[in-house]
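Residue numbering for the sequence shown follows this note's numbering, starting at 554 and increasing by one per position.
Contents: one structure, followed by commentary.
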Amino acid sequence: MTFAELYGRSATARGEAPGRVNLIGEHTDYNGGFVLPAAIPRRTIVEIAPRGDRGVRAWSAEFPESGTTAYTLGDERRRHDWIDYVQGLTAVLAADGLQQGFDARIESTVPLGSGLSSSASLEIALGRAVRDAFALALDDVTLAIRARRVETDFVGAPVGIMDQMACSLADTTSALFLDTRTLEYSRVPLPPAAALIVIESGVTHRHAGGEYKTRRDECAQAAARLGVHELRDVGPDELARVDALPEPLNRRARHVVTENARVLETVDALKRGDLPAVGELFLASHASMRDDFQISVPPIDALVEVARGVQGVYGVRLTGGGFGGSIVALADRARASAAAERIVQAHNRAHQASARVLVP
Ligand code: GLA
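Okay, here's the thing in structure tokens:
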């Protein structure tokens, strides 16, 4: 349904934001570390029109069966539903001056539960529409900080800030090198000879679920035992101390410490245009997530094994929070499309799976 069909008038503001794929730097963001996401060519679009009262109505083309959902500003309550991202954002933005209600229409091509930040994409797209409609003074970094609070304070997902920063600031032709401690960032162009492949495994995840929080808690415990504020403060030269921690804290910390180092090496390799080196780093990252951080699942490992053997692929890894979701591969640009198709066909045939190509 169009905005006019839903609400009998036209939208007056619109916001857009892409989904993201993380190239490398997984579960480092809530440890104060480094991440390297890029935008994907799939987006969430939100249209809105202000109302004369404090009412909010929202409709999502992804959940047409839920119809239009209504609530009042100041009376946001968790419903364990997509509307929580809308409610969470209006609750957070009250302190930035959002005092007037609106009607909203949402549509998205970012798949849900696939590790590609559909929720952050919605938060940023809606934040942009609201910012424009009500002239709120929020820059893109502040908007990302607010959007993360939607997850941590309203939805109850104890995430880091990578996804919101990526959906707010990243583009599809470069990787966003972000220091999650300082929020300093720079854009690292993807070499012209390279292309990213993103394949959805068909196994979906949920972050509010326990495993993500368990990993977070384990990292905090490891940091406390090592006497540092965050695992970011442990260098790769201190791995002997990390290895001496009890299981599984030793593995969790080893992943974070080595993953931070791999992000820095990946940035250097991309700048040199050394695609085989980036590919090796992707593979090492996957092994670390599988064996040390233990956030992979057999269907994802199978997909990675198929992909790494396909011509034109330099390296491949699980991307996002884990326990399902998507894989990202670095490929030779000229062979990327064919390689992506070959991976999906071979994997689906061998495992009766329903993986599909999202990029390119
Ligand atoms: C999810 C979270 C991010 C980050 C990743 C793992 O996407 O939202 O903050 O922790 O998992 O790298």
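No residue lacks a Cβ here, since even glycine has one placed at the ideal position from N, Cα and C.
- Note: Ser-613 is bridge-paired with Ile-659 in the DSSP secondary-structure output.
- By the C-beta density criterion, Asp-634 is exposed, having fewer than 16 other C-beta atoms within 10 angstroms.
- Here the stretch 803–813 lies against the stretch 585–594, with 3 or more beta-carbon pairs under 8 Å apart.
- The bridge partners DSSP lists for Arg-573 are Ala-592.
- For Val-787 and Cys-720, the gap between their C-alpha atoms comes out near 28 Å.
- The Cβ-Cβ distance between Thr-725 and Ala-893 does not fall below 8 Å.
- For Ser-563, the number of other beta carbons within 10 angstroms of its own is below 16, and it is reported as exposed.
- For Pro-829, the three-state secondary structure derived from DSSP is helix.
- Pairwise C-beta distances place the stretch 700–712 in contact with the stretch 670–683, as three or more of them are shorter than 8 Å.
- Closest in alpha carbon position to Ala-887, among Gly-568, Gly-875 and Tyr-867, is Tyr-867.
- In chain order, Ser-563, Ala-564, Glu-600 and Arg-658 place their CB closer than 7 Å to the CB of Phe-556, counting only its own chain and leaving out the 5 sequence neighbours on each side.
- Per DSSP, reduced to three states, the secondary structure at Pro-852 is helical.
- For His-580, the CB falls within less than 7 Å of some heavy atom of the ligand GLA.
- By the neighbour-count criterion, in which a residue is buried when 16 or more other Cβ atoms sit within 10 angstroms of its Cβ, Thr-733 is buried.
- If you look at Gly-641, you'll find it in the alpha helix (DSSP H) that goes 636–646.
- Secondary-structure assignment with DSSP links Glu-600 through a beta bridge to Arg-567 and Arg-658.
- Looking at the DSSP output, Phe-730 bridges to Ser-739.
- Cβ contact annotation for Met-554 (same chain, cutoff 6 Å, sequence separation greater than five): none.
- By the Cβ rule, the stretch 636–653 does not count as touching the stretch 567–580, because fewer than three pairs are nearer than 8 Å.
- Relative to the non-hydrogen atoms of the ligand GLA, the Cβ of Val-663 never comes closer than 7 Å to any of them.
- Check the Cα spacing between Arg-604 and each of Val-683, Glu-660, Ala-644 and Val-912: the tightest is with Val-683.
- The C-alpha of Ala-644 is placed about 34 Å away from the C-alpha of Val-881.
- Within the same chain, and ignoring the five residues on either side of Arg-895 in sequence, the residues whose Cβ sits closer than 6 Å to its Cβ are Val-863.
- Given a length threshold of 4 residues, each whole run of the alpha helix (DSSP H) inside the stretch 745–792 is given here in chain order: 763–779.
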